[in-house]
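As they're listed, the protein sequences go chains E and D. Residues 95 to 456 in our numbering are what the first sequence lists, from first letter to last. Residues 95 to 456 in our numbering are what the second sequence lists, from first letter to last. The structure appears below as structure tokens.
2 protein chains.
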Amino acid sequence: MPNIFAVIMAGGVGSRFWPRSRERTPKQFLEILSSGTLLENTLGRIEPLVEKINTFIVTNKTQFESVIKLVPFLPKENILVEPFGRNTAPCIGLAASWIHRLDPDGLMIVLPSDHLVQNPEEFNRVLNTAMKVAVEKDALVTIGIKPSHPETGYGYIQIEDEDHDRNPYRSEGAYPVKTFAEKPNLETAERFLESGDFVWNSGMFVWKASTILKEIEVHVPDLHEQLQAVQASIGTPAYKQTLEQAYGLTRNISIDYGVMEKAGNVYVVKGDFGWSDVGSWDEVVRMTARDADGNSTRGKAILRGSTNNYVDAGNKIVAAIGVDDLIIIQTDDAVLVCKKGKSQEVKEIVDFIRRKQMNDYL
Amino acid sequence: MPNIFAVIMAGGVGSRFWPRSRERTPKQFLEILSSGTLLENTLGRIEPLVEKINTFIVTNKTQFESVIKLVPFLPKENILVEPFGRNTAPCIGLAASWIHRLDPDGLMIVLPSDHLVQNPEEFNRVLNTAMKVAVEKDALVTIGIKPSHPETGYGYIQIEDEDHDRNPYRSEGAYPVKTFAEKPNLETAERFLESGDFVWNSGMFVWKASTILKEIEVHVPDLHEQLQAVQASIGTPAYKQTLEQAYGLTRNISIDYGVMEKAGNVYVVKGDFGWSDVGSWDEVVRMTARDADGNSTRGKAILRGSTNNYVDAGNKIVAAIGVDDLIIIQTDDAVLVCKKGKSQEVKEIVDFIRRKQMNDYL
Numbered sequence: 095m096p097n098i099f100a101v102i103m104a105g106g107v108g109s110r111f112w113p114r115s116r117e118r119t120p121k122q123f124l125e126i127l128s129s130g131t132l133l134e135n136t137l138g139r140i141e142p143l144v145e146k147i148n149t150f151i152v153t154n155k156t157q158f159e160s161v162i163k164l165v166p167f168l169p170k171e172n173i174l175v176e177p178f179g180r181n182t183a184p185c186i187g188l189a190a191s192w193i194h195r196l197d198p199d200g201l202m203i204v205l206p207s208d209h210l211v212q213n214p215e216e217f218n219r220v221l222n223t224a225m226k227v228a229v230e231k232d233a234l235v236t237i238g239i240k241p242s243h244p245e246t247g248y249g250y251i252q253i254e255d256e257d258h259d260r261n262p263y264r265s266e267g268a269y270p271v272k273t274f275a276e277k278p279n280l281e282t283a284e285r286f287l288e289s290g291d292f293v294w295n296s297g298m299f300v301w302k303a304s305t306i307l308k309e310i311e312v313h314v315p316d317l318h319e320q321l322q323a324v325q326a327s328i329g330t331p332a333y334k335q336t337l338e339q340a341y342g343l344t345r346n347i348s349i350d351y352g353v354m355e356k357a358g359n360v361y362v363v364k365g366d367f368g369w370s371d372v373g374s375w376d377e378v379v380r381m382t383a384r385d386a387d388g389n390s391t392r393g394k395a396i397l398r399g400s401t402n403n404y405v406d407a408g409n410k411i412v413a414a415i416g417v418d419d420l421i422i423i424q425t426d427d428a429v430l431v432c433k434k435g436k437s438q439e440v441k442e443i444v445d446f447i448r449r450k451q452m453n454d455y456l
Numbered sequence: 095m096p097n098i099f100a101v102i103m104a105g106g107v108g109s110r111f112w113p114r115s116r117e118r119t120p121k122q123f124l125e126i127l128s129s130g131t132l133l134e135n136t137l138g139r140i141e142p143l144v145e146k147i148n149t150f151i152v153t154n155k156t157q158f159e160s161v162i163k164l165v166p167f168l169p170k171e172n173i174l175v176e177p178f179g180r181n182t183a184p185c186i187g188l189a190a191s192w193i194h195r196l197d198p199d200g201l202m203i204v205l206p207s208d209h210l211v212q213n214p215e216e217f218n219r220v221l222n223t224a225m226k227v228a229v230e231k232d233a234l235v236t237i238g239i240k241p242s243h244p245e246t247g248y249g250y251i252q253i254e255d256e257d258h259d260r261n262p263y264r265s266e267g268a269y270p271v272k273t274f275a276e277k278p279n280l281e282t283a284e285r286f287l288e289s290g291d292f293v294w295n296s297g298m299f300v301w302k303a304s305t306i307l308k309e310i311e312v313h314v315p316d317l318h319e320q321l322q323a324v325q326a327s328i329g330t331p332a333y334k335q336t337l338e339q340a341y342g343l344t345r346n347i348s349i350d351y352g353v354m355e356k357a358g359n360v361y362v363v364k365g366d367f368g369w370s371d372v373g374s375w376d377e378v379v380r381m382t383a384r385d386a387d388g389n390s391t392r393g394k395a396i397l398r399g400s401t402n403n404y405v406d407a408g409n410k411i412v413a414a415i416g417v418d419d420l421i422i423i424q425t426d427d428a429v430l431v432c433k434k435g436k437s438q439e440v441k442e443i444v445d446f447i448r449r450k451q452m453n454d455y456l
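Put into structure tokens, the structure is as follows:
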């Protein structure tokens, strides 16, 4: 097995958890559904697989200080700072360039920093399978999630399972990918679920640095050109300026759209490890235990004649009287009161705050 | 006309406006439905009638500092501090004792500090009538409010209007009192309203200090005994200890129950001056203008798909999504989310906080 590297993508701006998530402390810096932040938990999960010196975090200028504070145990040079966000393809390309320079045969595990995994043992089993396939097949391997319901908020991946006998990884849940599907409507999502050969696209990947760079060269050649310049400048005084220039010339493009959907040798490993991308307060509510009245509370919350609420009092106190089906989130300087099922609109609130330049609340 | 004195009763603990009202800053110290606090507005209203040197405030130890800060223009010795609350009879008796010592013929206007009056000119006309009756008839005069709806939260006063021609004050709205009625049920309140001869008991009074002290002597002789000891000690080093002792020996008793309901020579002046005792958040909501969606907001409030809410963001920000008929009150350390019509239960929240000894929030 070659050296194993991890790349944690921690640059998300995440306005969906306002008022707890802010520009400097987006979702990955919050303790959501767990003790410890989602970023810390992500790092904790891969600790058995990846040495700290081989663990990279990609973030941005705004969040750099928050990252450093949270992971003082990582080498500072392993915190890669993007000059600005350009979606996942440049982010992954940048990390691959660093890793390729350290070890051309290096294997990369690419993980979002803000997902929830409730069964880390199964998660690591899946990663081990993915690494085996990535090495043995020189493949791009993606992690798919066994769907539990016809979710319309995720992309889907269709597995190729007709040629059973020629897939040696079938017993471990790894399959060639037939196709990637965008976020479906409900009808299509229901069809996907019934068919049994679709999984959710989790945005987690495993591959050799050399393999992904080669595929970027084929499918996103302009990005590859910029990455080569960046790679050549690593460790030189020109690095920062080269990186700024490269990102200035780079398109906003996702690794799915730019590479995965076009590449040939793509595998998916099917996982079922209590995964959630924790995309909204409603998702948090769904995953939280309730008391006999259907309420979930965090901190000092006094509820009277109230049912089916989710109340996070922060460091202060919340009192509720005669209310039902509300999500109430209190922070030091703000409170959100949101009807259950409406939390996707939280980002509109943040957009409004941005437009009104009420910057203290961003 | 004798010297006119004012007695502002400002010792209420008022838990009904939590989280804005607290032990140290009850309702009378809040800016509710107006600029300036209710206490300041009460003082402002009587300014044309009563000299500052003749204006007394009765409060308690907890609120003494808040009062001093708010009314630096009053002589400090005019702020009377009760050792502890014993309802309105001892409070009024104490003030009457001070005033009687300054001027045995002095006329007293007794006012709660936390009521709202929207038409101060009419209010002052009513007070002038009340003073005239109090002097000419040596009577106990109470201010009654023309009822606008069958309110069950107030006591009522029945006027005596059969003997028209023998009431010289009738054109000015003053009548002998027939009887006092406790807070009625809805059916009774509706009957009161229809009859036309019931008014709301506002808890505002006008009388000579000598008259009320005489009536206290007749109807609450034990209190009168204590008040005499207190009056004798005013201006001496023994005052504070005498007062403590007097209050220790005094029953909790209201002026209505102790004196008004038993005395003979009681008049009521009927007023219609936009009065409210502002007894709950719902009452505030009722008296506040709304926008096209039925919402009222104070401070930084962002409402989305929400109707008929009352939102007070305090010094911070409130966002609401998809919610209706809520009262949302944010302060520095707390938030209340209360269904409209349920705000009478706010005091149960405060009781709970007291029982749990979460004293920071009292």
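Yeah, the Cβ is synthetic: ideal placement off N, Cα and C, and Gly gets one too. Note that the structure is predicted; figures quoted are calculated from it, not measured.
Exercise for review: Using a Cβ-Cβ cut-off of less than 8 Å, list which residues of the stretch 430–445 of chain E approach chain D; keep chain order.
Suggested key: Leu430, Val431, Cys432, Lys433, Gly435, Lys436, Ser437, Glu439, Val440, Glu442 and Ile443
Practice item. Could you tell me which chain C residues have their CB closer than 8 Å to the CB of Ala428 of chain D, listed as they occur along the chain? Key: Among the protein chains of the structure shown, namely E and D, there is no chain C.
Exercise for review: Give the DSSP-derived three-state secondary structure of Leu420 of chain E in the structure shown.
Suggested key: The sequence position of residue 420 of chain E within the first sequence is 326, counting from 1. Looking at Leu420 of chain E - three-state DSSP - the assignment turns out to be strand.
Check your understanding: Which one of E:Gly267, E:Glu125, E:Glu215 and E:Thr246 has the shortest CA to CA distance from Ala224 of chain E?
Key -> Here the question's residue 224 of chain E lines up with position 130 in the first sequence. Nearest option by C-alpha distance: E:Gly267.
Check your understanding: List, in order along the chain, the chain E residues whose C-beta lies closer than 7 Å to that of Gln451 of chain D?
Key -> To locate residue 451 of chain D, count along the second sequence from 1; it is residue 357. Simply none; closest approach about 12 Å.
Practice item. Note down the Cα distance separating Glu254 of chain E from Asp350 of chain E, rounded to an integer number of angstroms. Key: Against the first sequence, residue 254 of chain E aligns to sequence position 160. Against the first sequence, residue 350 of chain E aligns to sequence position 256. Straight-line Cα distance between these residues: approximately 18 Å.
Exercise for review: Within its chain, find whatever has a CB closer than 7 Å to the CB of Lys277 of chain D; leave out the 5 residues flanking it on each side and keep chain order.
Suggested key: As a first step, residue 277 of chain D must be located in the second sequence, where it is residue number 183. If we look at Lys277 of chain D and ignore the five residues flanking it on each side, its Cβ neighbours are Thr246, Gly247, Tyr248 and Gly249.
Practice item. Report back the beta-carbon spacing between Val360 of chain D and Thr236 of chain D to the nearest angstrom; my notes put them in contact at under 8 Å. Key: In the second sequence, counting from the first residue as 1, residue 360 of chain D sits at position 266. In the second sequence, counting from the first residue as 1, residue 236 of chain D sits at position 142. Between Thr236 of chain D and Val360 of chain D the Cβ distance is about 7 Å, and since that is below 8 Å, they are a contact.
Exercise for review: Evaluate contact between the stretch 121–141 of chain E and the stretch 100–107 of chain E, counting only Cβ atoms and requiring at least three cross-stretch pairs below 8 Å.
Suggested key: yes
**Study point:** Proximal residues of chain E, C-beta to C-beta of Arg398 of chain D below 7 Å
**Key:** Counted from its first residue, the second sequence places residue 398 of chain D at position 304. By Cβ distance, chain E contributes Glu439, Glu442 and Ile443.
**Study point:** Burial state of Gln212 of chain E, where buried means 16 or more other Cβ atoms lie within 10 Å
**Key:** For the purposes of this step, residue 212 of chain E is taken as residue 118 along the first sequence, with counting starting at 1. The residue is exposed, with fewer than 16 neighbouring Cβ atoms inside 10 Å.
Review point. Just curious, the beta strand (DSSP E) that Arg398 of chain D is in, first and last residue?
Key: Here residue 398 of chain D corresponds to residue number 304 of the second sequence, with the count starting at 1. Note, Arg398 of chain D: beta strand (DSSP E), Ser390 to Arg398.
Exercise for review: Return the chain-ordered list of same chain residues with a C-beta closer than 6 Å to the C-beta of Ser296 of chain E, the five sequence neighbours on each side being excluded.
Suggested key: In the first sequence, residue 296 of chain E corresponds to position 202, counting from 1. Hits under 6 Å: Ile237 and Ile239.
Point to revise | CB contact below 8 Å: Tyr404 of chain E versus chain D | key: To locate residue 404 of chain E, count along the first sequence from 1; it is residue 310. Not an interface residue.
Check your understanding: Can you list the residues of chain E that Leu456 of chain D reaches, using a CB-CB cut of under 9 Å?
Key -> By 1-based counting over the second sequence, the position of residue 456 of chain D is 362. Within chain E, no residue comes near Leu456 of chain D; the closest Cβ sits about 11 Å away, beyond 9 Å.
**Study point:** Alpha-carbon spacing of Val175 of chain D relative to Leu456 of chain D, whole angstroms
**Key:** Position 81 of the second sequence, counting from 1, holds the residue named residue 175 of chain D. Position 362 of the second sequence, counting from 1, holds the residue named residue 456 of chain D. Between Val175 of chain D and Leu456 of chain D, the C-alpha separation is close to 21 Å.
Check your understanding: Pick from D:Arg392, D:Leu287 and D:Asp366: whose alpha carbon is nearest that of Val378 of chain D?
Key -> Here residue 378 of chain D refers to the residue found at position 284 when the second sequence is read from its first residue. The residue with the shortest Cα to Cα distance from Val378 of chain D is D:Arg392.
Point to revise | Met452 of chain E, DSSP secondary structure in three states | key: Translated into positions along the first sequence, residue 452 of chain E becomes position 358. Note: Met452 of chain E maps to coil in three-state DSSP.
Check your understanding: Which residues share a DSSP beta bridge with Asp406 of chain E?
Key -> Locating residue 406 of chain E in the first sequence gives position 312, where the first residue counts as 1. In DSSP, Asp406 of chain E forms a bridge with E:Arg392 and E:Ile423.
Practice item. Using only alpha-carbon positions, find the residue among D:Leu210, D:Leu143, D:Leu201 and D:Ala183 that is nearest to Pro59 of chain D. Key: With chain D covering 95 to 456 only, the question about residue 59 of chain D has no answer from this structure.
Exercise for review: Measure the C-alpha to C-alpha separation of Ile151 of chain D and Pro206 of chain D and round it to an integer number of angstroms.
Suggested key: Counted from its first residue, the second sequence places residue 151 of chain D at position 57. Counted from its first residue, the second sequence places residue 206 of chain D at position 112. Spanning the two alpha carbons is a distance of roughly 10 Å.
Review point. Does DSSP put Ser265 of chain E in a helix, in a strand, or in coil?
Key: Locating residue 265 of chain E in the first sequence gives position 171, where the first residue counts as 1. Ser265 of chain E falls in the helix class under three-state DSSP.
Check your understanding: Between which two residues does the beta strand (DSSP E) containing Met298 of chain D stretch?
Key -> Here residue 298 of chain D is taken as the residue at index 204 of the second sequence, counted from 1. Where Met298 of chain D is concerned, the enclosing beta strand (DSSP E) stretches over Phe292 to Lys302.
Point to revise | Status (buried if at least 16 other CB within 10 Å, exposed otherwise) for Ser109 of chain E | key: For the purposes of this step, residue 109 of chain E is taken as residue 15 along the first sequence, with counting starting at 1. Ser109 of chain E should be labelled buried.
Practice item. Select from E:Asp259, E:Asp406 and E:Val412 the residue whose C-alpha is nearest the C-alpha of Trp112 of chain E. Key: Within the first sequence, the letter at position 18 stands for residue 112 of chain E. It is E:Asp406.
Practice item. Kindly indicate which three-state DSSP category Asn218 of chain E falls into: helix, strand or coil? Key: Here residue 218 of chain E corresponds to residue number 124 of the first sequence, with the count starting at 1. Residue state, collapsed to three classes: helix.
Point to revise | Between the CA atoms of Val227 of chain D and Lys287 of chain D - distance to the nearest angstrom | key: Taking the first residue of the second sequence as 1, we reach residue 287 of chain D at position 193. Taking the first residue of the second sequence as 1, we reach residue 227 of chain D at position 133. The sequence shown places Leu at residue 287 of chain D, not Lys. When rounded, the distance between both Cα atoms is 26 Å.
Check your understanding: From D:His209, D:Ser115 and D:Ile193, pick the residue whose C-alpha is nearest to that of Phe367 of chain D; which is it?
Key -> By one-based count along the second sequence, residue 367 of chain D stands at place 273. Of the listed residues, the one whose Cα sits closest to Phe367 of chain D is D:His209.
Practice item. Please check if any C-beta of chain D sits within less than 8 Å of the C-beta of Leu420 of chain E. Key: One-based indexing of the first sequence puts residue 420 of chain E at position 326. Chain D contact via Cβ: present.
Check your understanding: At which residues does the alpha helix (DSSP H) containing Thr401 of chain D begin and terminate?
Key -> Counted from its first residue, the second sequence places residue 401 of chain D at position 307. It is not in any alpha helix (DSSP H) - Thr401 of chain D carries neither H nor E in the DSSP assignment.
**Study point:** Which listed residue (E:Leu168, E:Ser242, E:Phe292 and E:Ile98) has its alpha carbon closest to that of Leu196 of chain E
**Key:** By 1-based counting over the first sequence, the position of residue 196 of chain E is 102. If we check each option's Cα against that of Leu196 of chain E, E:Ile98 comes out closest.
Practice item. Please classify Thr382 of chain E: does DSSP put it in a helix, a strand, or coil? Key: Stepping through the first sequence from its first residue, residue 382 of chain E is reached at position 288. Here Thr382 of chain E sits in coil by DSSP.
Exercise for review: With Tyr351 of chain E as the anchor, note down where its beta strand (DSSP E) starts and where it stops.
Suggested key: Indexing the first sequence from 1 puts residue 351 of chain E at position 257. That residue, Tyr351 of chain E, is in no beta strand (DSSP E); it is neither H nor E in DSSP.
Review point. Under a three-way DSSP split, which group does Ile328 of chain D fall into?
Key: In the second sequence, residue 328 of chain D corresponds to position 234, counting from 1. Coil.
Check your understanding: Using the beta-carbon count (16 or more within 10 Å), is Arg285 of chain E buried or exposed?
Key -> Taking the first residue of the first sequence as position 1, residue 285 of chain E is located at position 191. Exposed.
Check your understanding: Are the beta-carbon atoms of Asp427 of chain E and Ile411 of chain D separated by less than 8 Å?
Key -> As a first step, residue 427 of chain E is located in the first sequence; it is residue number 333 there, counting from the start. As a first step, residue 411 of chain D is located in the second sequence; it is residue number 317 there, counting from the start. Yes, the Cβ-Cβ distance between Asp427 of chain E and Ile411 of chain D is below 8 Å.
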